[in-house]
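Step one of this worksheet: look at the structure below.
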Amino acid sequence: MKQLFSSPIFHILAFGALLAIVLIVTVGPKLPSSKDKQVLIADDDVAHLLVMWQKTWQRPPTREELRGALNGYVQDEILYQEAINRNLDYNNAMVRQALIVQMNMLAETQGSGDKITEESIQAYYALRKDQFVLPARISFAQLYFSPDKHPALESHVNEVLTRISQEEIQDIHELGDPTMLNSEYKDYAANDLLKIFGENFAEEVFTINPGEWTGPIASAYGLHLVKVQEVTAEAPAPIDLVRNEIMREIEYEEKEAAREQFFTELIRQYDIVYEGTAKEVMKDDE
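Going by our numbering, the sequence shown opens with residue 109, and the numbers climb by one from there.
Written out as structure tokens, the structure reads:
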């Protein structure tokens, strides 16, 4: 029973029944017309149902399951045709938006559809190399100092820094307060540190010269002393690393160009009339 309620066929039938009730309540029953009404289920419709079933269940349907899917399809088609006959699509914001989406999708398919070539990828990368960069990365050690443990927090941190610069300390990390933070961070980008320490720390740590303990630096948790070990500068990303991103960008730009061209050709076929305020707004400045 649980599988029945979760099956696509149940959802199809339930939605169809609900829509039928809404149609009857809002529009009222309609007497059969003398005009012939027909729902034709052809082989391509069956093929579509088979593909959708396979995607959902990862197996072909049984004969009974296919019969159920066909019954659901017939019910949906009848409800759709009745909705059109009753003009439920007229001046309906949801239907309007759905049709606009469909037209935009149609427009995007009007492009060449050619496979993106290696030459296109190379040319795109060469023209926009500055958009594809590996961020600067940093490795450092840190000591944490909690505001809950030290009333004069900044003075305490400065005292510890002075001690580090003047003494040989066996285990320097014992000078900090206990924390869930790591004592060392290897090869982190600014965005990574932003999520851990907050914006101030993520920005300031990259300004520190490597090799010496420096601070105090504020974070979301308190204050820190930091010893930068290594900084890797920002660099162009190798093309192989961003190839998929470039292909997505090319595909997006081709779709946008196709959509723009499609609309440009369509708008030439229409007489656009602005009235009242709209006319004033669209009037060219003299």
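Backbone N, C-alpha and C define an ideal beta-carbon position, used for all residues, glycine too.
If you're wondering where the values come from, they're calculated on a predicted model, not measured in any experiment.
- For V381, the closest of K391, T372 and E373 by C-alpha to C-alpha distance is K391.
- Residue burial is scored here from C-beta neighbours: R367 has at least 16 other C-beta atoms within 10 angstroms and is therefore classed as buried.
- Ranked by how close their Cα comes to the Cα of Q230, the residues N195, V350, K303 and A215 have V350 in first place.
- Counting only unbroken stretches of 4 or more residues, the alpha helix (DSSP H) elements lying wholly within the segment 214 to 247 are 226 to 235, in sequence order.
- The segment 354 to 371 makes contact with the segment 224 to 241: 3 or more CB pairs, one atom from each, lie closer than 8 Å.
- Uninterrupted alpha helix (DSSP H) stretches at least 4 residues long and entirely within the segment 295 to 350 occur at 298 to 305 and 307 to 312, given in chain order.
- For the segment 139 to 168, the continuous alpha helix (DSSP H) assignments of 4+ residues that do not extend past its boundaries occur at 151 to 165, in sequence order.
- In the three-state reduction of the DSSP assignment, L196 falls in the coil class.
- Contact check between the segment 249 to 261 and the segment 283 to 299: three or more CB pairs, one atom from each, fall below 8 Å, which counts as touching.
- Secondary structure at Q250: strand, using DSSP grouped into helix, strand and coil.
- The segment 331 to 341 makes contact with the segment 230 to 250: 3 or more CB pairs, one atom from each, lie closer than 8 Å.
- In this chain, K257 is not harboured by any alpha helix (DSSP H), its DSSP state being neither H nor E.
- In the three-state scheme derived from DSSP, where H, G and I count as helix and E and B as strand, E173 is classed as helix.
- Counting only residues of its own chain and dropping the five nearest sequence neighbours on each side, P168 has a CB closer than 8 Å to the CB of L158, W161 and Q162.
- Residue pairing for Y293: DSSP places it in a beta bridge opposite F248.
- Burial state of L207 is exposed, judged by a 10 Å Cβ sphere holding fewer than 16 other Cβ atoms.
- The alpha-carbon separation between A191 and D197 amounts to approximately 7 Å.
- Taking 8 Å as the cut-off, the Cβ atoms of V241 and A345 count as close.
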